[in-house]
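Notes for the one structure printed next.
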Amino acid sequence: MSLEKSKRLAALKARRKFWLEVHLWLGLVAGAALVVFGITGSILVFHLEIDEWLNPKLLTVTPRPEGRSAYRPLEDIFEAGVRAMPAEAKLTFANYPRNDAAAFRMRFQVPVPPEGESETWEVTVDPYTAEMIGQRLMKRSDSAFPRTFIEFIFELHYAFFLGERIGYALVGILGTLLIISVLTGLIVWWPLTGKWLQALTIKRRASAERLNFDLHKTFGFYTTLIMIPVLFSGVYMNLPEHVVPVLELFSPVTYRYWFRSTPIPDSEPIGMAQAVAIAEDLYPSGRPDWIYGAPEATSTYTVCKHDVTEPGSLLDRRCVVMDRYTGAILDVDDPATGTAGEVFTHWQWPLHSGQAFGMTGRILVFLTGLACPVLYVTGVIRWLQKRKAARRTTDVANRRLHDQPQGNEI
Numbered sequence: 001m002s003l004e005k006s007k008r009l010a011a012l013k014a015r016r017k018f019w020l021e022v023h024l025w026l027g028l029v030a031g032a033a034l035v036v037f038g039i040t041g042s043i044l045v046f047h048l049e050i051d052e053w054l055n056p057k058l059l060t061v062t063p064r065p066e067g068r069s070a071y072r073p074l075e076d077i078f079e080a081g082v083r084a085m086p087a088e089a090k091l092t093f094a095n096y097p098r099n100d101a102a103a104f105r106m107r108f109q110v111p112v113p114p115e116g117e118s119e120t121w122e123v124t125v126d127p128y129t130a131e132m133i134g135q136r137l138m139k140r141s142d143s144a145f146p147r148t149f150i151e152f153i154f155e156l157h158y159a160f161f162l163g164e165r166i167g168y169a170l171v172g173i174l175g176t177l178l179i180i181s182v183l184t185g186l187i188v189w190w191p192l193t194g195k196w197l198q199a200l201t202i203k204r205r206a207s208a209e210r211l212n213f214d215l216h217k218t219f220g221f222y223t224t225l226i227m228i229p230v231l232f233s234g235v236y237m238n239l240p241e242h243v244v245p246v247l248e249l250f251s252p253v254t255y256r257y258w259f260r261s262t263p264i265p266d267s268e269p270i271g272m273a274q275a276v277a278i279a280e281d282l283y284p285s286g287r288p289d290w291i292y293g294a295p296e297a298t299s300t301y302t303v304c305k306h307d308v309t310e311p312g313s314l315l316d317r318r319c320v321v322m323d324r325y326t327g328a329i330l331d332v333d334d335p336a337t338g339t340a341g342e343v344f345t346h347w348q349w350p351l352h353s354g355q356a357f358g359m360t361g362r363i364l365v366f367l368t369g370l371a372c373p374v375l376y377v378t379g380v381i382r383w384l385q386k387r388k389a390a391r392r393t394t395d396v397a398n399r400r401l402h403d404q405p406q407g408n409e410i
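The sequence shown maps to residues 1 to 410 in the numbering used here.
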């Protein structure tokens, strides 16, 4: 090797040593959060299926050969849910059935004593008969912990049970640190000597120490392409007020949750069924999925549809935001017509959930989540191994120094 190449390699190794320290401390600080994000995220990839499996009598119905065409009118379905709740309850959200065997779900916020407190209830309706199946308490505002398994996992994943203000900020900050940790890990992993096969595989019949090292580097490398978009999208969804302004430096961005309805005195709002009809007129193909209610005077309706067969984008999801009173369309999440910044934001939820690439994408996100505990445990073990080796080197150096004859002994 030439002298110039030797100097260049030495400089790269010195630089990598710096990034190794950064990677190490970021992993120790935020690694435990990665375990929580990974395990809960893997569960949430299939949250609807798991919830239905745990509560089949409440969340599933007997399908009919005609499928959606046999559903009762949406007005009747919504009316069945509203009748099941007190008059003061506010309809905040609805889940359209994901398949022919799923129930129609509706979320209500119900005020309870003392003043200012509330409960979140879910009512399920059979879409074929427009009859209520049942209801369940999801959460009380005076408790940090939801009452159902999936809601418990959601709150842990997005807020650590610390509420929207503190929890969302903390999760967003930890997600940012983990993105840096993943990138520094990629720098540390990069084979400076060109030994790519060694960098991409696990050595057979290796020692326990080497096996731990190989597991960490290979799991880290193979999950990087999934990990970075998932972590970034999580930061975006938790801290949009900070991420969107950065994106707007490069391209205009609209954020549908920031749109507001204009109150009209003595005017009744349109119903959620009518809001769905407006979205269906705009995008006739596909099926509704998320339906956001408009419980407050300035709230907007948002209807998101899946499986929309419109040209111009790989994504089949569209969301339509409309005024609570007039039904006027205020914003559309359409990757085929949006700016570069808007298209980028439209991809965030599908990438985070894995739905961007169908079942293949969901499985990849699921497996990446399961890899997170492996990365953390092997990283901690590697850190302990290096500490032990450093301590051993220091002890040897100290013994040699102690064994050297002193000046007055010569």
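No residue lacks a Cβ here, since even glycine has one placed at the ideal position from N, Cα and C.
| Query | Result |
| --- | --- |
| The region 194 to 209 / the region 218 to 229 touching (three or more Cβ pairs under 8 Å) | yes |
| Cβ-based neighbour list, residue 251, same chain, cut-off 7 Å, excluding 5 preceding and 5 following | 339, 340 and 341 |
| Euclidean distance between Cα positions of residue 223 and residue 89 | 44 Å |
| Cβ-based burial, residue 242 [other Cβ within 10 Å; buried from 16] | exposed |
| Between the CA atoms of residue 362 and residue 58 - distance to the nearest angstrom | 25 Å |
| Sheet register partners of residue 85 (DSSP bridge) | For residue 85, which the question treats as bridged, DSSP gives no partner whatsoever. |
| Residue 112, enclosing beta strand (DSSP E) - first and last residue | 104 to 112 |
| Euclidean distance between Cα positions of residue 27 and residue 119 | 38 Å |
| Span of the beta strand (DSSP E), counted from its first residue to its last, around residue 61 | Here residue 61 belongs to no beta strand (DSSP E), and DSSP marks it neither H nor E. |
| First through last residue of the alpha helix (DSSP H) which encompasses residue 350 | 348 to 353 |
| Residue 356 classed as buried or exposed, judged by whether at least 16 other C-beta atoms fall within 10 angstroms | buried |
| Straight-line Cα distance separating residue 25 from residue 377 | 14 Å |
| Per-residue DSSP class, three states only, for residue 303 | strand |
| 7 Å CB neighbourhood of residue 180 in its chain, flanking five on each side removed | 26 |
| Within 8 Å, strictly: CB atoms of residue 332 and residue 303 | no |
| Between the CA atoms of residue 307 and residue 63 - distance to the nearest angstrom | 20 Å |
| Nearest candidate by alpha-carbon position, reference residue 309, set 283, 69, 231 and 344 | 283 |
| Under the three-state DSSP convention, the category residue 135 falls into | strand |
| Outcome for residue 145 when other beta-carbon atoms lying within 10 angstroms are tallied against a minimum of 16 | exposed |
| Alpha-carbon to alpha-carbon, residue 313 and residue 83 | 40 Å |
| Residue closest to residue 248, alpha-carbon to alpha-carbon, out of 92, 55 and 345 | 345 |
| DSSP-derived helix/strand/coil call for residue 313 | coil |
| 8 Å Cβ shell around residue 410 - same chain, five flanking residues per side excluded | No answer about residue 410 holds up, because its pLDDT of 45 lies below 50 and its placement is not dependable. |
| Residue from 295, 326 and 350 with nearest C-alpha to residue 316 | 350 |
| Chain-order list of residues whose beta-carbon lies under 8 Å from that of residue 209 (same chain, five-residue window excluded) | 385 |
| Bridge partner(s) assigned by DSSP for residue 288 | 305 |
| Coil, strand or helix - residue 129 by DSSP | coil |
| Residue 76, DSSP secondary structure in three states | helix |
| Residue 41 vs residue 365 beta-carbon contact at 8 Å | yes |
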